[in-house]
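*Asks:*
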Amino acid sequence: AQSVAQPEDQVNVAEGNPLTVKCTYSVSGNPYLFWYVQYPNRGLQFLLKYITGDNLVKGSYGFEAEFNKSQTSFHLKKPSALVSDSALYFCAVRERNYGGSQGNLIFGKGTKLSVKP
Amino acid sequence: EAQVTQNPRYLITVTGKKLTVTCSQNMNHEYMSWYRQDPGLGLRQIYYSMNVEVTDKGDVPEGYKVSRKEKRNFPLILESPSPNQTSLYFCASSPRTGGNEQFFGPGTRLTVL
Numbered sequence: 012a013q014s015v016a017q018p019e020d021q022v023n024v025a026e027g028n029p030l031t032v033k034c035t036y037s038v039s040g041n042p043y044l045f046w047y048v049q050y051p052n053r054g055l056q057f058l059l060k061y062i063t064g065d066n067l068v069k070g071s072y073g074f075e076a077e078f079n080k081s082q083t084s085f086h087l088k089k090p091s092a093l094v095s096d097s098a099l100y101f102c103a104v105r106e107r108n109y110g111g112s113q114g115n116l117i118f119g120k121g122t123k124l125s126v127k128p
Numbered sequence: 041e042a043q044v045t046q047n048p049r050y051l052i053t054v055t056g057k058k059l060t061v062t063c064s065q066n067m068n069h070e071y072m073s074w075y076r077q078d079p080g081l082g083l084r085q086i087y088y089s090m091n092v093e094v095t096d097k098g099d100v101p102e103g104y105k106v107s108r109k110e111k112r113n114f115p116l117i118l119e120s121p122s123p124n125q126t127s128l129y130f131c132a133s134s135p136r137t138g139g140n141e142q143f144f145g146p147g148t149r150l151t152v153l
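Chains as they are written, first to last, in the numbering used here: chain A, 12 to 128; chain B, 41 to 153.
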């Protein structure tokens, strides 16, 4: 069965420092991988995704993530955190279905990122 | 503007009183889905639809119904709400192919007393 793990409930970072939000997954074959962000009282917003190709994916707001097949990880990173990055971050995985239909998106439980001035 | 809309945004109701949460998207997406978000549990899928008249259960379908009579609309129906359905609900849509990201609505916060 597909699953996604975000091992940290909360990550605390000082503004200007690099940040990492961890994500590991379990799925058969090569997955599609996504990161979403949720600001308070808002819906989820798409940040970035890995489909194929370069393992380092760049997304919105200066975020990037690295797909590591051997470690089945897709950690979210940013070189210099901003206070405005404080939010809830979700990793998600979808099994790659070569039949053409879309498998369902499985979400991690979320990691709360807190960036202090 | 491309968007997913949900109504109502906030709802307080009582046990057993039927309610419907509407969801509409203007992007001509085939795939639509309902999730509930609960603290410590992340997002869990309730129902999804691959296209018009095609719906299927997600991970937590008990107590919910859906319909997909038109491509743009995917209402969530609670025939007899119970307090354990108090949650934050999100509707999402996307094109059919697997590499596409989902677009989320703003959420509906439901309280069942």
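Positions of the beta carbon are idealized from the N, C-alpha and C atoms, including for glycine.
1) Could you tell me whether the Cβ atoms of residue 92 (chain A) and residue 47 (chain A) are closer together than 8 Å?
2) Any beta-carbon of chain A closer than 8 Å to the one on residue 114 (chain B)?
3) Is the beta carbon of residue 43 (chain B) sitting closer than 8 Å to the one on residue 66 (chain B)?
4) Can the beta-carbon of residue 127 (chain B) be found closer than 8 Å to that of residue 77 (chain B)?
5) Give the residues of chain B in contact with residue 116 (chain A), contact being defined as C-beta atoms less than 7 Å apart.
6) Give the secondary structure of residue 95 (chain A) by DSSP, where H, G and I count as helix, E and B as strand, and everything else as coil.
7) On the three-state DSSP scale, how would you describe residue 113 (chain B)?
8) List, from N- to C-terminal side, the beta strand (DSSP E) runs of 3 residues or more that fit wholly inside the region 41-126 of chain B.
9) What three-state label does DSSP hand residue 37 (chain A) in the structure shown?
10) My assumption, with CB atoms under 8 Å, is that residue 61 (chain A) sits in contact with residue 76 (chain A). Please give the rounded CB distance.
11) Between residue 58 (chain A) and residue 74 (chain A), how many whole angstroms is the CB-CB distance? I'm expecting something under 8 Å.
12) Taking Cβ positions only, does residue 43 (chain A) come closer than 8 Å to chain B?
13) Of all the CB atoms in chain A, is at least one closer than 8 Å to the CB of residue 65 (chain B)?
14) If distances are taken between C-alpha atoms only, which option among B:79, B:116 and B:49 comes closest to residue 72 (chain B)?
15) So residue 121 (chain B) and residue 81 (chain B) are in contact, right, with Cβ under 8 Å, and what is the actual spacing, rounded?
16) By DSSP's criteria, residue 105 (chain A) is part of a beta bridge. Which residues make up the other side?
17) Leaving aside the five residues before and after residue 98 (chain A) along the sequence, list all residues of the same chain whose C-beta is less than 7 Å from its C-beta, in chain order.
18) Return the Cβ separation of residue 127 (chain A) and residue 23 (chain A) in integer angstroms, given the expectation that the two are a contact with Cβ distance under 8 Å.
19) Cβ of residue 150 (chain B) less than 8 Å from any chain A Cβ?
20) With C-beta atoms as the reference, is residue 148 (chain B) less than 8 Å away from residue 79 (chain B)?
21) Taking residue 95 (chain B) as the reference, give the member of B:131, B:114, B:140 and B:141 with the closest Cα.
22) Report yes if the CB atom of residue 15 (chain A) is closer than 8 Å to the CB atom of residue 119 (chain A), and no otherwise.
23) Does DSSP put residue 72 (chain A) in a helix, in a strand, or in coil?
24) Which of the three DSSP states, helix, strand or coil, is assigned to residue 12 (chain A)?
25) Helix, strand or coil for residue 63 (chain A), going by three-state DSSP, please let me know.
*Replies:* Let me spell this out:
1) Against a cut-off of 8 Å, the Cβ pair of residue 47 (chain A) and residue 92 (chain A) comes out as no contact.
2) Output row for residue 114 (chain B): interface = no.
3) Yes, they are a contact pair.
4) Going by beta carbons, residue 127 (chain B) and residue 77 (chain B) fall inside the 8 Å limit.
5) What residue 116 (chain A) touches in chain B: 142.
6) Three-state result, residue 95 (chain A): helix.
7) Strand.
8) You should have 44-47, 50-53, 59-65, 71-78, 82-91, 94-97 and 116-118.
9) Strand at residue 37 (chain A).
10) Contact flag correct, Cβ pair sits at about 7 Å.
11) Indeed, because the Cβ distance is near 5 Å, the residues count as touching under 8 Å.
12) True, the Cβ-Cβ gap to chain B drops below 8 Å.
13) When Cβ-Cβ separations below 8 Å define contact, residue 65 (chain B) makes no contact with chain A.
14) Taking only the C-alpha atoms, the option nearest residue 72 (chain B) is B:116.
15) Actually they do not touch by this definition, with Cβ atoms about 19 Å apart.
16) DSSP lists A:43 and A:116 as partners of residue 105 (chain A).
17) Around residue 98 (chain A): 48, 49, 50 and 124.
18) Distance from residue 127 (chain A) to residue 23 (chain A) at the Cβ level is roughly 7 Å; contact confirmed, criterion being Cβ atoms closer than 8 Å.
19) By this cut-off, residue 150 (chain B) is not an interface position.
20) Note that the C-beta distance between residue 148 (chain B) and residue 79 (chain B) is not below 8 Å.
21) With distances taken between Cα atoms, residue 95 (chain B) lies closest to B:114.
22) Between residue 15 (chain A) and residue 119 (chain A), the C-beta gap is smaller than 8 Å, which places the two residues in contact.
23) In the structure shown, residue 72 (chain A) adopts helical secondary structure according to DSSP, grouped into three states.
24) In the structure shown, residue 12 (chain A) sits in coil (DSSP, three-state: anything other than H, G, I, E or B).
25) Three-state DSSP puts residue 63 (chain A) in coil, outside helix and strand.
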